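Residue numbers (the working numbering): 21 to 217. Note sheet for the following structure.
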């Protein structure tokens with residue numbers, strides 16, 4: 021079914037196959053396509069997630085392009101605009117989308133430019149000075165370290181790069197893990213602790 025300007029899912033998919041590499045400076049590639057479900061590999065080359073690899077899922081409905089696709093991260097990611105449990109992205113980035121390629125480029129932009137004013141999780145409760153420490157805390161999460169009891173699996177691609185470039189972070193021990201914690205184990209409490217150190 022054709023939609024906006026005669027576009028269809030298949031036309032957009034063909035365009036994506038042809039242009040994804042060059043249009044994203046080789047930061048995105050198609051991993052798999054199964055019907056209307058795509059998996060995209062993202063390898064940002066700038067920002068706090070540079071050198072990491074993430075898998076993005078895009079699901080286009082039968083009403084595509086009239087209805088925007090559902091987009092979520094399959095790889096766990098620590099980001100103010102991405103829900104930590106289900107990987108769904110704050111949908112305001114898709115307000116002006118025109119194609120699958122535009123949606124992917126918008127996600128890459130969001131990775132390099134986190135929007136703390138449009139949080140999709142507990143980040144909305146963080147003090148403003150947190151933004152100045154985001155890169156540091158992001159490296160701790162990419163390395164798979166605990167931050168107040170919250171931990172994501174290490175991003176293997178990023179860890180490989182960090183070790184090869186002698187910039188793997190030192191774990192920050194923000195509490196004695198052998199003792200039961202009386203503190204909240206949420207991301208927010210861990211990040212607030214990091215801010216106070």
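All C-beta atoms, glycine included, are put in the ideal place defined by N, C-alpha and C. Just so you know, these numbers come straight off a predicted model, no measurement behind them.
Item                                                                                                                                                                : Value
Helix or strand or just coil, what does DSSP make of residue 195?                                                                                                   : Low per-residue confidence applies at residue 195: pLDDT is 41, beneath 50, and the placement is therefore not dependable enough to give any value.
Using only alpha-carbon positions, find the residue among 165, 113, 177 that is nearest to residue 192.                                                             : 165
Which residues in the same chain have their Cβ closer than 6 Å to the Cβ of residue 120, if we skip the five residues on either side of it in sequence?             : 32, 36
Inspect the beta-carbon positions of residue 89 and residue 114 and report whether they are closer than 9 Å.                                                        : yes
So what does DSSP say about residue 160, is it helix, strand or coil?                                                                                               : helix
Any idea what DSSP makes of residue 182, helix, strand or coil?                                                                                                     : helix
According to the neighbour-count rule (16 or more other Cβ atoms, all chains shown, within 10 Å of its Cβ), is residue 93 buried or exposed?                        : buried
Going by the DSSP bridge assignment, what does residue 109 pair with across the sheet?                                                                              : 102
What span of residues does the alpha helix (DSSP H) with residue 58 cover, start to end?                                                                            : Counting along the chain, residue 58 falls outside any alpha helix (DSSP H), though it belongs to the beta strand (DSSP E) covering 57-62.
In the DSSP assignment, find the alpha helix (DSSP H) that holds residue 76 and state where it starts and stops.                                                    : Not the alpha helix (DSSP H): residue 76 falls in the beta strand (DSSP E), residues 74-79.
What residues in its chain sit with their C-beta under 7 Å from that of residue 172, if we drop five residues either side in the sequence?                          : 96, 98, 161, 164
On the premise that residue 60 lies in contact with residue 70, defined as a C-beta separation below 8 Å, what is that separation, rounded to the nearest angstrom? : Residue 70 to residue 60, Cβ: 17 Å. No contact.
Beta carbon of residue 77, beta carbon of residue 41: below 9 Å?                                                                                                    : no
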